[in-house]
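FYI, in the working numbering the residues of the sequence shown are 27 to 184.
Here the structure comes first, spelled out in structure tokens, and everything after it is commentary.
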Amino acid sequence: MSEKQEFEMPAAGMPKWIRDHVELYLTDPERARLWDSTIGGGPGPLPTLLLIARGARSGKLRPLPLLYQEMDGKYLLIGSKGGAPNHPGWYVNLKANPECEIRVGAKRMRARARTASGDERTRGWKKMAAMYPPYESYQKQAGARQIPVVVLDPIGPA
27 MSEKQEFEMP AAGMPKWIRD HVELYLTDPE RARLWDSTIG GGPGPLPTLL LIARGARSGK
87 LRPLPLLYQE MDGKYLLIGS KGGAPNHPGW YVNLKANPEC EIRVGAKRMR ARARTASGDE
147 RTRGWKKMAA MYPPYESYQK QAGARQIPVV VLDPIGPA
């Protein structure tokens, strides 16, 4: 993914807080790195990165702020979609096009996404759920769908 490629801002149908967060990442990335999770039932300011992934159908670059944690030099994401029975669009996009760009504060890098399994998934889930406890209730709401733990392996600068 080349840094010359620009992404589209989130569509007007996206929640305002997502559009505002993307805009903040563009103007003040260090401030954008922490999100006030109380609007989503969380404990307060939590770390977010900006994921820029290619749409599975459209091929367009799509930005989305997501909660993350670092583990073993990699970045973890949770594909919860608030406990919905289907996976979030960004996860579907990463399954189709695993190479992406991430911004962690002012730091920009390319990464390759994969779904964690086994011990890595267990450790990643525990780490993310400790940071954001609503993930546990989301898993119950998701029913038979196992919420994916996504690992972003850095592969170079953006």
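We put the CB at the ideal spot given by N, CA and C, even for glycine.
* **Ala156 in three-state terms, based on DSSP** => Locating residue 156 in the sequence shown gives position 130, where the first residue counts as 1. Reduced to three states, the DSSP call for Ala156 is helix.
* Continuous alpha helix (DSSP H) stretch holding Arg129: start and end -> Start at 1 with the first residue of the sequence shown, and residue 129 comes out as number 103. That residue, Arg129, is in no alpha helix (DSSP H); its beta strand (DSSP E) goes 125 to 130.
* Nonlocal neighbours in the same chain, by C-beta distance under 8 Å from Arg134, ignoring five residues either side -> Within the sequence shown, numbered from 1, the residue matching residue 134 stands at position 108. Hits under 8 Å: Glu29, Glu127, Ile128, Pro183, Ala184.
* To do: Mind listing, in chain order, the continuous beta strand (DSSP E) runs of no fewer than 3 residues lying wholly within the stretch 61 to 93?
  => With a minimum length of 3 residues, the continuous beta strand (DSSP E) runs that stay inside the stretch 61 to 93 are 71 to 80, 87 to 93.
* Ordered along the chain, which non-local residues of its own chain (more than five positions away) have a Cβ less than 8 Å from that of Gly99? -> On the sequence shown, residue 99 is found 73 positions in, with the first residue counted as 1. The residues are Pro180.
* With burial defined as no fewer than 16 other Cβ atoms inside 10 Å of the residue's Cβ, what is the status of Thr64: buried or exposed? -> Locating residue 64 in the sequence shown gives position 38, where the first residue counts as 1. Per the 10 Å Cβ criterion, exposed.
* Asked: Which residues mark the beginning and the end of the beta strand (DSSP E) in which Ile104 is found?
  -> Numbered from its first residue, the sequence shown carries residue 104 at position 78. 100 to 104 is the span of the beta strand (DSSP E), which, as asked, contains Ile104.
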